[in-house]
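Data block below; observations after.
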Amino acid sequence: MGKETLAFNEQFYRKETSSIDKVIENDLVSYLGEYRFQVPTYDYRMGLQGNKLTDPNTGELMAQKAKKTIFQRQLKGLKSGREEAELIGLLRLEQKLLENPFGTAVWLSPKGLEEEGYGDYGFAYVGKRDKDGIALTAVRLNGSTLNQFNEVKRVLNIEGSEFKTAEDFLANPWVIKKPADNVKEIIKKQFDAKDNGAGDKLERAKNIFAGHFKDFVEIVKHGSEEAIKKARNVIENLVIEFIRNGEENTRENIVFLSNFRAPVLGAAMEMKEYNKQPEVVMGSCGASGKTESSNLSFLKSSYTSTSSLDSDEFGSLVFKCPACGVINVRPRGELLSACQHCNSSEVMCE
């Protein structure tokens, strides 16, 4: 739900982990699905560690990811009201799932303000807990209003007065007794949400561009900033061509290789029509890293930016504790005497 949500901040990924490849590829596909294909539904998973929700790829607590997003936005002087409401909602959802483990989770995310860069759509998340965590389906709600979200609240027999802001909904997910499929149908009917076939087209694109995605992963992990920017522009522009003309017209011979698989980059990365800034769509600045989304921010990458914007005279404001391995975020101009998570003094050298 913030600028970090779908932005390709490459430094997020420069961290050794067995799941890094999947995390990068998932983020890329999710970005393309939301902004370029505008898929009507998208599936997510969260894991469980005791009664705490976790990132299924890394095992990181979702609450910790949400806190890092808040810290990052505050460090950059950005508003964090939506993200703070998300964190409250996440903690409440954990408690509600503990109290009603067999219920259906419903979490509504109205759109943000257009003047802050958000697109004209929100999301509804509906899911069930299982032995491995919780499976959520995000339903895209185009042109949605707070009145419509409140009507869903009424139809689902949720007690309480009408909510006045998007943050009210974000801070108050529900776990109810209605079957998940019924809830999704109620929501789709209220918002007149229809299947536009974009999901099938995204799946075809994933097959066609599978090699591109894998090469992008390698470039993000090891390439220069220039190579990463060029690669993501190429992918997005190829996808735009695919969407407009269909896969039958997409140039099958356009592929690219990272510097680590071949001595030179492939043809597409050297072609001007692809090596350019992708066109802007509502709520997106192409691959510029300035995207605002009404999607839940902590469902995306758990890797925290360590760019020059997040440093001061002492070094990076964001770093991993040598003892416990969890990310710390220190105040600008100050040093930490102990880890914010395990209290180890080993962070003092940071």
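Reminder that position 337 of the sequence shown reads as 1640 in this note's numbering, one-by-one numbering, no gaps. From the three backbone atoms N, C-alpha and C, an ideal C-beta is built for every residue, glycine too. Just so it is clear, the structure is predicted and the values come from calculations on it, not from any experiment.
inquiry  = Less than 8 Å between the C-beta atoms of ALA1427 and LEU1390, yes or no?
reply    = no
key: Bounding residues of the alpha helix (DSSP H) (the contiguous stretch that carries ARG1348)   = Looking at the DSSP string, ARG1348 is not in any alpha helix (DSSP H); the run it does join, the beta strand (DSSP E), is 1344 to 1352.
query = At which residue ranges does the segment 1346 to 1412 contain complete alpha helix (DSSP H) runs of 4 or more residues, listed in the order of the chain?
reply = 1365 to 1378 and 1384 to 1402
query = When the distance is taken between beta carbons, is GLU1462 closer than 8 Å to GLY1388?
reply = Here the sequence assigns Ala to residue 1388, which means Gly is not the residue at that position. No, they are not a contact pair.
Alpha carbon of SER1600 to alpha carbon of THR1372, nearest angstrom = 7 Å
ILE1479 to PRO1404 span [Cα, whole Å] = 10 Å
key: DSSP beta-bridge partners of ARG1432   = ILE1437
query = Which first and last residues belong to the beta strand (DSSP E) in which VAL1478 is found?
reply = 1477 to 1479
ask   = Between ALA1369 and GLU1386, what straight-line distance do the alpha-carbon atoms span, to the nearest angstrom?
value = 7 Å
message = Mapping the DSSP letters down to three states, classify ALA1427 as helix, strand or coil.
response = strand
inquiry  = Starting from PHE1512, trace the alpha helix (DSSP H) in both directions and tell me its first and last residue.
reply    = Here PHE1512 belongs to no alpha helix (DSSP H), and DSSP marks it neither H nor E.
Proximity winner among TYR1421, THR1448 and VAL1409, relative to PRO1437 (alpha-carbon distances) = Here residue 1437 is Ile; the residue named in the question, Pro, does not match the sequence. When each option's Cα is compared against that of ILE1437, the closest is VAL1409.
8 Å contact criterion, which ASP1435 and GLY1336 should meet: CB distance rounded = That pair is no contact at about 23 Å.
message = Would the segment 1471 to 1491 count as touching the segment 1500 to 1516 if we require 3 or more Cβ pairs under 8 Å?
response = no
ask   = Which one or two residues does DSSP pair with VAL1442 in a beta bridge?
value = THR1344 and ALA1427
task = Note down the Cα distance separating THR1468 from LEU1449, rounded to an integer number of angstroms.
result = 7 Å
task = Check whether the Cβ atoms of ARG1395 and ASN1475 lie closer than 8 Å to each other.
result = yes
inquiry  = According to DSSP, simplified to helix, strand and coil, what is PHE1466?
reply    = coil
query = Going by alpha carbons, who is nearest to GLU1582 out of LEU1602, PHE1545, PHE1472 and GLU1539?
reply = GLU1539
Candidates LYS1533, TYR1424 and ALA1441, of which the one nearest LYS1431 by Cα = ALA1441
ask   = Going by beta carbon distance, what residues of the same chain come within less than 7 Å of ASN1552, once the five residues before and after it are set aside?
value = Legend: pLDDT at ASN1552 = 48, less than 50; position of this residue unreliable, value from coordinates given subsequently. Cβ neighbours of ASN1552 beyond the five flanking positions: none.
key: Distance, LYS1517 Cα to GLU1506 Cα   = 16 Å
query = Roughly how many angstroms lie between the CA atoms of PHE1494 and THR1344, to the nearest whole one?
reply = 13 Å
task = Can you grab the Cα-Cα spacing for the pair SER1527 / PHE1519, in whole Å?
result = 12 Å
query = What residue does the alpha helix (DSSP H) around LEU1541 start on, and which one ends it?
reply = 1528 to 1548
ask   = Quick one: what does DSSP say VAL1455 is sitting in, helix, strand or coil?
value = helix
request  = Consult DSSP for ASP1324 and reduce its assignment to one of helix, strand or coil.
outcome  = helix
ask   = Mapping DSSP to helix, strand and coil, what is LEU1599?
value = coil
key: Inter-residue spacing [alpha-carbon to alpha-carbon] between ILE1511 and GLU1454   = 41 Å
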